[in-house]
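Accompanying notes for the structure given below.
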Amino acid sequence: MGRLMKFNALSLAIFISFFQTPAFSANTLDPAEDYFDDFYGGDDFVEIATGIDTQIHKAPAVASVFTSREISAMGAMDIDDVLETVPGLHINRSYNAYLPVYTFRGIHSAYNPQVLMLVNGVPITNNFLGNRNQVWGGMPLEAVERIEVIRGPGSAVYGADAFAGVINIITKSASDIKRNSLGIRGGQYSTNDAWFQIASEEHEVNYALTVEYHKTDGNDKIIESDAQSVFDNLFSTNASNAPGALNLSTTNLDIRAELGYKNLGLRIGLQERKNNGIGAGLAEALDPEAKQASTRINADLTYSSKLTEYLSHDVVLAYFDTTQEVENQYRIYPRGYKDSFFDGVFENGFIGNPEVYERHYRANWTGLYSGLEGHTFRFGFGFHRSDLYKTTETKNFAIGPGLNFEPIIENGNFVGVSKNEQLGVIDVSDTPFEFLQETKRDNRYVFVQDVWALANDWELTAGVRHDDYSDFGSTTNPRIALVWSSSLNLSTKLLYGKAFRAPSFADRGNQNNPVAVGNPNIKPEEIESIELSFDYHPDDGVGAVASFYHYTWTDIIQYVPNGSANVAQNEGKQKGYGAELELYSKLSENVKFSGNYAYINAENKQTGREVAFTPSNQVYLQLDWKASDSVGFHVRNNYVSGRKRQVGDIRNEIDDYWITDLTLQWQPDMTPVTLKVIGKNIFDSDAREPSATTQFTNGDVAVYLQNDLPLPGRGFYAELRYEF
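The following block contains the structure:
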């Protein structure tokens, strides 16, 4: 943060502190008995497990809930700061734009389609690759009221991709925003954030609006060698940009708006990403100039009503428009690139600029019936159309249908590009040389669930969902859960679930790329899981949750060498088991401790080896101290251990790491101002996430990023918030 911004922030704080605001009491931070309520106690409810609000210790799933108050206290600036605290969830990083890979219980893949992310219960999946978006840019938190997470299958409720876990981001409504606010934040990597939030409840009409701006140069750690470094050694060139800094800048605009009237609710969201860097490059070759962009627009309209004493229903109509665009062209390999596959040297670099544009339309009807004693039925049906309505591509090379080089000109019309760049960058959109053809998919589904109180202390939840897809067929996924309140303070849960991951459009249709060719006959991935959990929740501020699980993941979609290309096949299988332990304790009236430990053993059944990338041990420790009515202190430690290398990777195992963050919050008495100092990785740990290997069609393996993917070092941020 520049000197001028620091001076202005400090001046504003001093200026405001001279004035007393009657709306604020002397106890400016929440009283101690409320300050820690979010962290324990039996009144926490979760909806994500069943679609019905349920006390978390009775929910038929292992779930975590984070409220806006918890999120603020921990100094979280992005959703990843919150999710890394979930037991059994580790966030790996992709070399491409450092995209987060949410690895639940050892279930890891390059694009991470096995995790479903929802915003207010509506998926934000991009079907191109099955993930959130290749131009992600993060998810800010000012508009977030709650984050709910379940570990394990959820397809019986949510359908496709609720596989390893489900993350539901619930935004703030007018009733959640007690005071309007605005704020600024600045710090490491020239990071500058600003936001404002307003809300009103007038008679039967209410509205809420949050606008957030984020700009940063991003983590600038050095990559010592890359893919082009390897090619330079092979072909006696000097083209690599390594050693060089990561390219992780971004400029983000996020808007969340909500309007409510009687039984109607309308939510609209905009996420705009500009100047978004591509990390260590699209092909693990540094590209300091490339920039990408994305515009994501979502809207959902909900109507809810009670039809009879025992029957209620809601209707949801949703729209989602998402893009992945190139702002400044991608040099897959840098200027001067040469290899044995192409003729000559690419003096301007090896250039390829794919773009995708998707629209999603959803309609869902859900009924809730409680007229049969001891039973609560949830049932419904829905429709989802995903339309990849536009793909474009420009490039200075081409591999045509059949992975063969084609003539440049035929009858005076362009049909392809030569093996070198003699024609420059040419638009191959809507030709056979494009990377992916435009396509669409329809999904129709029905579901039913019964929550049966079969005895005073026993509750059985059984449900099933059937999905039918226009392109790859149908799938049925059941779940069953038995919850026994074995004592007033102890719940025992036995859980079984099945889930599926839908093939992405790329899995089915990738073309003209020997590294990854799609297969129209690909099937969905499947998982079966069983889990036993004990939830101890007394009222004295001490509690624990212990969970033990086993799963089998089958029909894993992998790109397998087949002649001259790697082709998508259902070939993989993985088994995993593990344990998770959560503890929390109120050490004194103003101090609380919480933490968790996760053990994971995941085996690749093809190789007989432990799964790469995923930690076998994770420890998370957190301490919160309400030092006074005005001062709060938060410190947390995250330990990651036991990550394995891929088959064929002869490097030493990657080092374990500890990362410690802290947050200091000060709200001066009788003022509407809050000051916060946030420290990230305060001991400057050299933490790294493992880089991948590249396997060629002849079976050879190469490692391009020898020193892995460095995480950010020590960084400090200052935040000023004003409420009115």
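With mature numbering (1 follows the signal peptide of the UniProt record, and there is no 0) applied, the sequence shown covers -25 to -1, 1 to 699. Think of the CB as a built atom: it goes at the ideal place given N, C-alpha and C, for glycine as much as any other residue.
Same chain, Cβ closer than 6 Å to residue i, neighbours up to 5 away in sequence not counted
i, result
"F295", "N273 and H335"
"Q681", "S200"
"Q640", "G607 and K651"
"E501", "F475, T529 and D530"
"P495", "R483"
"Y471", "I455 and I505"
"Q109", "Q299"
Same chain, Cβ closer than 7 Å to residue i, five either side skipped, listed in chain order
i, result
"D28", "F20 and E22"
"D289", "T277, Y278, S279 and T341"
"E385", "In this prediction, E385 scores a pLDDT of 42, lower than 50, which makes its location untrustworthy; the coordinate-derived value is nonetheless stated afterwards. Result list for E385: empty, nothing under 7 Å."
"Y86", "L104, G105 and N106"
Residue range of the beta strand (DSSP E) that includes residue i
i, result
"V400", "Where V400 is concerned, there is no enclosing beta strand (DSSP E), given that its DSSP letter is neither H nor E."
"Y444", "W433 to Y444"
"F356", "H350 to K370"
"T406", "Where T406 is concerned, there is no enclosing beta strand (DSSP E), given that its DSSP letter is neither H nor E."
"F325", "F325 to Y344"
"K415", "T414 to A430"
"M645", "It is not in any beta strand (DSSP E) - M645 carries neither H nor E in the DSSP assignment."
"K548", "A540 to K561"
"R454", "G448 to S462"
"A662", "No beta strand (DSSP E) contains A662, which DSSP labels as neither H nor E."
"G472", "L465 to R476"
"R68", "L64 to R68"
"S504", "E500 to Y511"
Beta-ladder partner(s) of residue i, from DSSP
i, result
"V566", "W600"
"K655", "G690"
"W170", "G158 and E187"
"W111", "For W111, which the question treats as bridged, DSSP gives no partner whatsoever."
"N213", "BP columns for N213 are empty, so no partner."
"L261", "None; L261 has no bridge partner."
"L241", "L234 and L276"
"S616", "N592"
"Y305", "Answer is none; Y305 lacks a bridge partner."
"Y285", "Y285 pairs with nothing; no bridge assigned."
"T146", "V119"
"P536", "N541"
"D296", "I272 and R334"
"N227", "H189 and R248"
"Q670", "V676"
"P685", "R663"
Where the alpha helix (DSSP H) containing residue i begins and where it ends
i, result
"Y133", "S130 to Y133"
"I54", "I54 to L58"
"residue 706", "Any answer about residue 706 is impossible in this case: the structure gives the chain only from -25 up to 699."
"I46", "S43 to A48"
"residue 759", "Outside the shown range of the chain (-25 to 699) lies residue 759, about which nothing can therefore be said."
"F480", "F480 to G484"
Nearest neighbour of residue i, chosen from the options [CA to CA]
i, options, result
"F358", "R419, E333, E348 and G324", "R419"
"Y572", "S603, V400, A519 and K281", "A519"
"L234", "V40, E179 and L411", "E179"
"E59", "P665, I634 and E698", "I634"
"D168", "S361, P115, Y182 and E284", "P115"
"V610", "K567, S603 and K196", "K567"
"Y559", "D514, S466 and S224", "D514"
"F356", "R440, N216 and E348", "R440"
"S462", "A477, A456 and D510", "D510"
"G583", "N613, Y595, Y574 and G551", "G551"
"A135", "G50, V97, Q163 and W459", "V97"
"A174", "E259, P647, P263 and S150", "S150"
"G688", "D195, Q533, D446 and T527", "D195"
"Q593", "A72, A48, L684 and G81", "G81"
"T367", "G63, E413 and E348", "E413"
"F316", "F372, G240 and S43", "F372"
Distance between beta carbons of residue j and residue i, contact taken as under 8 Å
i, j, result
"A137", "P128", "7 Å"
"P590", "R618", "5 Å"
"N222", "E247", "Their Cβ separation, rounded to whole angstroms, is 19 Å, which puts N222 and E247 out of contact at 8 Å."
"N251", "K266", "6 Å"
"I629", "P665", "5 Å"
"residue 700", "E330", "Since the first residue shown for the chain is -25 and the last is 699, residue 700 is missing from the structure and cannot be characterised."
Beta-carbon contacts of residue i that lie in its chain and below 8 Å, excluding the five residues immediately before and after
i, result
"G387", "Any reading at G387 must be qualified, since the residue scores a pLDDT of 43, below 50, and its modelled position is unreliable; the value itself is stated next. Correct list: empty, nothing qualifies."
"S479", "Y86, P88, N102, F103, L104 and G105"
"N2", "Caution is warranted here: a pLDDT of 40 is assigned to N2, below 50, making its placement in the model unreliable, and the coordinate value is therefore given only provisionally. Here the set comprises D604."
"K473", "P128, S130, A131, N452, P453, R454, E501, I502, E503 and S504"
Min CB distance residue i to chain B below 8 Å
i, result
"D289", "The structure shown contains no chain B, having only a single protein chain."
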